[in-house]
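Trainee: The opening position of the sequence shown corresponds to residue 972 in this note's numbering, with each subsequent residue numbered one higher.
So that we are looking at the same thing, I have put the structure below in structure tokens.
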Amino acid sequence: MKCLVLYAYPPEPDGQSLQGHMLYKGILNANEQAMPCHFKESIQKEFYLKHMKPDVSYGIGFWGNVPDIVIEPMKHGVTPVPWFNSDGWVANYQKEFNKLDLMFTTSEWVKSVYKRDGIDVSKIVPMHIGVDTDAFYPKKDTNLRKAVRDMIGVKEKEKMILTVGGDVTSKGAQEMIRALAQIDEEFKDWKYVCKSWPSECADGWRDTEIQLADELGIGDKIIFIDDEFSSEFMADLLNASDVYAAPSRLEGYGMIQVEAMACGKPVISINKMGPGETIIHNKTGFLANVAQEIKLQSEWIYPWMGFKEKKKVKFDIPKTLAYRADIEDLRKYTLQLLTDDKLREKMGKQARKHVLENLDYRHIAQKIVDITKDRLDLK
């Protein structure tokens, strides 16, 4: 089978780009032909579609990428197979989705979003994103761990909780700050590291998080990092932590949570969306219950979404804007992991084993190849 893989290529330290690159590498590992290419319009992309004649064109993104990932390959007679996430709704392109023979979503929850918004899900197969377990693994180098912690301001005796995201607000940082303020009354030796990517969004929310931490009296225990890290250094940062926490407000999958488990770290998240499918409660980490679901009855649509004009639309079924994890659950589970070294080590080992057996990129890519061949009748 000859495959074109459309994603942000060359690979960037971004979830969707890494998702595509792991698929590309995994297809090669499955002894199939694969060509990586950026999904945006280009001479290279047109050449591959017109002259290389791939059997299938995989595309990584979300519904807004339909023109590049679905419509353009179809124009060249190439079968598109998107592997899409969701930002909480599918605003447009229902007709194009319903023409597809096969589509993957990053979780069962994402599939449910597409179903709610009018997509025929009989052609949709949920498929979790694979991670590179050779790059993300428990590192025994204690000097490296100490050096990373020294660099960011975490002492050897302190337990390090880590949250990473484009912005940490969407990953549940404010809920964690509230939980840690309560924990601080019982357990003092901790630091909370919030690592975001440089962006206006992250900058805008950081002031709110700093103010919240100061009001709760733990401002000196929160470390904010605003920087771009490679995948290699991200693995070092994860290994320097003791607990990874991301009770996300909206999460179609949660790739860094899986990378943390691959590094042998227990993960605290929310029992909903992607994390509820990849983290095994009481085994590879803890899942806090949902305390609140925030819904929208209407939303603005814009020309960049494929519409003719800007206008507000009302939903037949309310759109989920975000979830909020239960603070008491976060407090209880985080305190357990901070104070019980044996539990933390046990869960970390089980987390690594779970990822190796179920979420390694080679395993995921092989499943995608097998399903594609079967559904599209390809050899």
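Just so you know, even glycine gets a beta-carbon here, dropped at the ideal spot from N, CA and C.
What you are looking at is a predicted structure, and each value in this text was computed from that prediction instead of being measured.
Rounding to the nearest angstrom, what Cα-Cα distance links residue 1057 and residue 990 in this structure?
Mentor: Locating residue 1057 in the sequence shown gives position 86, where the first residue counts as 1. Locating residue 990 in the sequence shown gives position 19, where the first residue counts as 1. Those two C-alpha atoms are separated by around 14 Å.
Trainee: Using the beta-carbon count (16 or more within 10 Å), is residue 1192 buried or exposed?
Mentor: Within the sequence shown, residue 1192 is the residue found at index 221, counting from 1. Residue 1192 comes out buried.
Trainee: Candidates 1221, 1288 and 1215: which alpha carbon is nearest residue 1301's?
Mentor: Here residue 1301 refers to the residue found at position 330 of the sequence shown. Residue 1215 is the option with its Cα nearest to residue 1301.
Trainee: Please classify residue 1220: does DSSP put it in a helix, a strand, or coil?
Mentor: Looking up residue 1220 in the sequence shown gives position 249. Coil, per DSSP.
Trainee: So, with DSSP's three-state summary, where would you put residue 1273?
Mentor: Translated into the one-based positions of the sequence shown, residue 1273 becomes position 302. Residue state, collapsed to three classes: coil.
Trainee: Sort 1015, 1053, 1335 and 1213 by Cα distance to residue 1031 and report the nearest one.
Mentor: Counting from one through the sequence shown, the residue named residue 1031 turns up at place 60. Ranked by Cα distance from residue 1031, the options 1015, 1053, 1335 and 1213 are led by 1053.
Trainee: Is the number of C-beta pairs between the region 1075-1089 and the region 1245-1252 that are closer than 8 Å three or more?
Mentor: yes
Trainee: Give the secondary structure of residue 1082 by DSSP, where H, G and I count as helix, E and B as strand, and everything else as coil.
Mentor: Locating residue 1082 in the sequence shown gives position 111, where the first residue counts as 1. The answer is helix: DSSP assigns residue 1082 an H, G or I state.
Trainee: Could I get the ranges of all uninterrupted beta strand (DSSP E) runs contained in the region 1036-1061, with 3 residues as the minimum, in chain order?
Mentor: The DSSP assignment places 1051-1055 as complete runs of the beta strand (DSSP E) inside the region 1036-1061, in order along the chain (cut-off: 3 residues).
Trainee: Beta strand (DSSP E) containing residue 1161: first to last residue?
Mentor: Stepping through the sequence shown from its first residue, residue 1161 is reached at position 190. Its beta strand (DSSP E) spans residues 1161-1167.
Trainee: If residue 1103 sits next to residue 993, beta carbons under 8 Å apart, how far is it from one beta carbon to the other, in whole angstroms?
Mentor: The residue labelled residue 1103 in the question sits at position 132 within the sequence shown. The residue labelled residue 993 in the question sits at position 22 within the sequence shown. With 8 Å as the limit, residue 1103 and residue 993 qualify as a contact, their Cβ atoms being about 6 Å apart.
Trainee: Taking only three categories from DSSP, how would you classify residue 1141?
Mentor: Start at 1 with the first residue of the sequence shown, and residue 1141 comes out as number 170. Assignment of residue 1141 by DSSP, reduced to helix, strand and coil, places it in the coil class.
Trainee: Going by beta carbon distance, what residues of the same chain come within less than 8 Å of residue 1109, once the five residues before and after it are set aside?
Mentor: As a working note, residue 1109 is residue 138 in the sequence shown. Counting only Cβ-Cβ distances below 8 Å, and skipping sequence neighbours, we find 1210, 1234, 1235, 1319 and 1323.
Trainee: Can you tell me which residues form a DSSP beta bridge with residue 1252?
Mentor: If you number the sequence shown from 1, residue 1252 lands on position 281. The partner list for residue 1252 (beta bridge, DSSP) reads 1256.
Trainee: With DSSP as the reference, label residue 1170 as helix, strand or coil.
Mentor: Counting from 1 along the sequence shown, the entry for residue 1170 is found at position 199. Coil at residue 1170, not helix or strand.
Trainee: Would you tell me roughly how many angstroms separate the C-alpha atoms of residue 1037 and residue 1174, rounded to the nearest one?
Mentor: Numbered from 1 along the sequence shown, position 66 holds the residue referred to as residue 1037. Numbered from 1 along the sequence shown, position 203 holds the residue referred to as residue 1174. When rounded, the distance between both Cα atoms is 30 Å.
Trainee: At what residue ranges does the region 985-1032 contain a whole run of the beta strand (DSSP E), taking only runs of 3 or more?
Mentor: 1004-1008 and 1027-1032
Trainee: Under a Cβ-count criterion, where at least 16 other Cβ atoms within 10 Å of its own Cβ denotes burial, should residue 1331 be classed as buried or exposed?
Mentor: Walking along the sequence shown from the start, residue 1331 turns up at place 360. When all chains shown are included, residue 1331 counts as buried.
Trainee: Under a three-way DSSP split, which group does residue 1288 fall into?
Mentor: Locating residue 1288 in the sequence shown gives position 317, counting from the first residue. Residue 1288 falls in the strand class under three-state DSSP.
Trainee: Excluding the 5 residues preceding and the 5 following residue 1342 in the sequence, name in chain order all residues of the same chain whose CB lies nearer than 7 Å to its CB.
Mentor: Locating residue 1342 in the sequence shown gives position 371, counting from the first residue. Once the five neighbours on either side are set aside, the close Cβ partners of residue 1342 are 1096.
Trainee: Tell me the DSSP secondary structure of residue 1294 in three-state form.
Mentor: Within the sequence shown, numbered from 1, the residue matching residue 1294 stands at position 323. Three-state result, residue 1294: strand.
Trainee: Going by the DSSP bridge assignment, what does residue 1374 pair with across the sheet?
Mentor: In the structure as shown, the chain starts at 972 and stops at 1350, and residue 1374 therefore has no counterpart that could be examined.
Trainee: Any idea what DSSP makes of residue 1134, helix, strand or coil?
Mentor: As a first step, residue 1134 must be located in the sequence shown, where it is residue number 163. Strand at residue 1134.
Trainee: Check the DSSP bridge columns for residue 1215 and list the partner residues they point to.
Mentor: Taking the first residue of the sequence shown as position 1, residue 1215 is located at position 244. Note: residue 1215 sits in a beta bridge opposite 1133 and 1238.
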